[in-house]
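Residue numbers (my numbering), protein chains in the order written: chain A, 1 to 475; chain B, 1001 to 1164.
Before any comments, here is the structure.
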């Protein structure tokens, strides 16, 4: 059940749960003594203690871990193979073969998490499994309020139209500022597509990660202060056969607003959303909420597993986002890209848009569009793997996506590199780390090297996620 | 027995730097700085570099101190100063021309306190072993988590490997 997309159904369920309670109250009232008389002298009944609800297990045991080894033929049987709880690898355990195992694991994870939330295997363009997860905006609430239970519909800003049952793309991004709905990590800037539209972002977390945050009260600054730590999000494990635990997973997605007159929705995983622009004084931006159809252009899938405490970092993109530097150099360009104009010879490449950045003013003034080039091309092995997996997704929107690479720790237990000596050393998604591509240490995008610096609001390392720094004070 | 040129280079480098071979060339080595250094030395010092590897190959079963003595004291200036350059390359991530180093070991050394050098790459800079030997990290770059400066660093053995 896609509760995030069906708030009316959720309300119905809540009402259904309340009806017996209300009915019971009515019955009590009808049998209560009325008027003066002996009933008034009866001792008050001792109230029964309210049974304390046992919280759900944070990282429950599952019996359907996908343990498909990476050396099997890639055919349609993989579509239903499920979610890997952790990496499955086969010898030889050298760098190339392990990279293949992680990339294969990333594709299996992609297939599983992009299956319809309503059930079945990946194929039709429908709200996906991960789109049913909790948005960080619904976890880290104003004044450090306790998040609503897992599966609750998203909290709807008052400015958004009522009665419209659509998911909301809100102020999401790694930096929780007012413009984070459209600005990438480190405030490096927004990405503007070829229609002059801002790209929008969201971060969602799965239930084990949600429960870990909620049950340890890490959703507020006071809760983080009281937490004894260290922060260790649950790990995906495999104990025997296909039995194990899923562990914490974070998904970060980037979406472009589709122009359905000029762009084919069938080329994208699409969703009708409400785009929420929060108000801001500096820069001056008015609060706004409007409906749009958006197409998925980028996807990070980050999974903490028993062998990879630094998490596994997989990243995918739409195949038409932008050309590689090699394609530009050799003039082997497509006619159209989402974020590159092949006819423009003097556009500044990989530059931030000129300020001011106001997502309410679209298309971007003066016809500006981003001119993005992928500086680090995919490896031949990644291209080969992408072709194989795209081949089992014919006639679906999912054939239009490709894995860029997977970053993983080559020495997870290293005492001198808490990042686990990641491979590849650098990895970026051209829609999510657009302006920090490259191979310069400390400047260019490396998932682990960046997230290894993450802390919560107390300054305690937060286990490779920045989401905890969004917690607010209850005061 | 090490036979490939890379194996010889790693073995030689371990003798010259005192850093364990497994640390200079980890089994899973995504940075692969050893290849960067090998290619750089091959490009800069060609025949002398091959000669240095051959000397190491012929003596690799000897104790490290003896190998060092042969390379640094018994094989002539070209080998001696190239070996010093290789040491500096591993420790500082920079290439110091052997001829320049030789000038500094003369009766009239250059007035510049430090010989000219070229940083081989950004990865070479962050991979310099001088930082590890100091149980520290390069200026402007650290893998350690926030607040590491308030704690003791890992042991020297953690940084450079080998026995205690």
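We put the beta carbon where it would ideally sit given N, CA and C, even for glycine.
message = Tell me which residues of the region 421-446 of chain A have at least one Cβ-Cβ distance to chain B shorter than 8 Å, keeping chain order.
response = 421, 422, 423, 424, 425, 439, 440, 441 and 442
query = If you run the structure through DSSP and keep just helix, strand and coil, what is residue 1064 of chain B?
reply = helix
request  = Can you tell me which of the three DSSP states residue 420 of chain A falls into?
outcome  = coil
task = Flag this pair as touching only if the region 309-322 of chain A and the region 395-403 of chain A have three or more C-beta atom pairs under 8 Å; answer yes or no.
result = yes
task = Pick out whichever of A:163, A:194 and A:157 has its Cα sitting closest to the Cα of residue 275 of chain A.
result = A:157
inquiry  = Within 10 Å of its beta-carbon, does residue 268 of chain A have 16 or more other beta-carbons around it, so buried, or fewer, so exposed?
reply    = buried
Within 9 Å of chain B by C-beta, residues of the region 86-98 of chain A in sequence order = 93, 94, 95 and 98
request  = Determine the chain B residues that contact residue 416 of chain A at a beta-carbon separation under 8 Å, and present them in chain order.
outcome  = 1132, 1143, 1154, 1158 and 1159
Residues of the region 1109-1122 of chain B with Cβ closer than 7 Å to any Cβ of chain A, in chain order = 1122
query = For residue 1026 of chain B, which residues in chain A fall below 8 Å Cβ to Cβ?
reply = 410, 411 and 421
query = Would residue 539 of chain A count as contacting chain B if we go by Cβ distances under 9 Å?
reply = Lying outside 1 to 475, the shown extent of chain A, residue 539 of chain A is not represented and no answer is given.
task = Grab me the residues of residue 1088 of chain B's own chain with a C-beta within less than 6 Å of its C-beta, minus the 5 sequence neighbours each way, in chain order.
result = 1096
CB contact below 9 Å: residue 449 of chain A versus chain B = yes
ask   = Which chain B residues are close to residue 455 of chain A, counting only those with a beta carbon under 9 Å from its beta carbon?
value = 1145, 1146 and 1147
request  = Pull up the distance between the alpha-carbon of residue 372 of chain A and that of residue 1151 of chain B, whole angstroms please.
outcome  = 42 Å
query = Under a Cβ-count criterion, where at least 16 other Cβ atoms within 10 Å of its own Cβ denotes burial, should residue 285 of chain A be classed as buried or exposed?
reply = buried
request  = Please confirm if the region 121-137 of chain A is in contact with the region 187-206 of chain A, defined as three or more CB-CB distances below 8 Å between the two stretches.
outcome  = yes
message = Here's the rule: buried if 16 or more other CB atoms are within 10 angstroms of the residue's CB, otherwise exposed. What is residue 398 of chain A?
response = buried
ask   = Going by the beta-carbon positions, is the gap between residue 256 of chain A and residue 199 of chain A smaller than 9 Å?
value = yes
query = residue 1140 of chain B versus chain A: which residues are under 8 Å apart at the beta carbon?
reply = 442
inquiry  = Is there a C-beta anywhere in chain A that falls below 9 Å from the one on residue 988 of chain B?
reply    = Since the displayed chain B opens at 1001 and closes at 1164, residue 988 of chain B lies outside it and no answer follows.
Unbroken alpha helix (DSSP H) run spanning residue 415 of chain A, endpoints = Counting along the chain, residue 415 of chain A falls outside any alpha helix (DSSP H), and DSSP gives it neither H nor E.
message = Taking 9 Å as the threshold (C-beta atoms), are residue 353 of chain A and residue 368 of chain A in contact?
response = yes
inquiry  = Under 9 Å, Cβ to Cβ, is there at least one residue of chain B near residue 459 of chain A?
reply    = yes
query = Relative to the C-alpha of residue 1137 of chain B, which residue among A:430, A:188, A:418 and A:355 is closest?
reply = A:418
task = Can you tell me which of the three DSSP states residue 253 of chain A falls into?
result = strand
key: Proximity below 9 Å, CB of residue 208 of chain A to CB of residue 71 of chain A   = no
message = Taking 9 Å as the threshold (C-beta atoms), are residue 65 of chain A and residue 246 of chain A in contact?
response = yes
key: Residue closest to residue 1056 of chain B, alpha-carbon to alpha-carbon, out of B:1145, B:1116, B:1039 and B:1069   = B:1069
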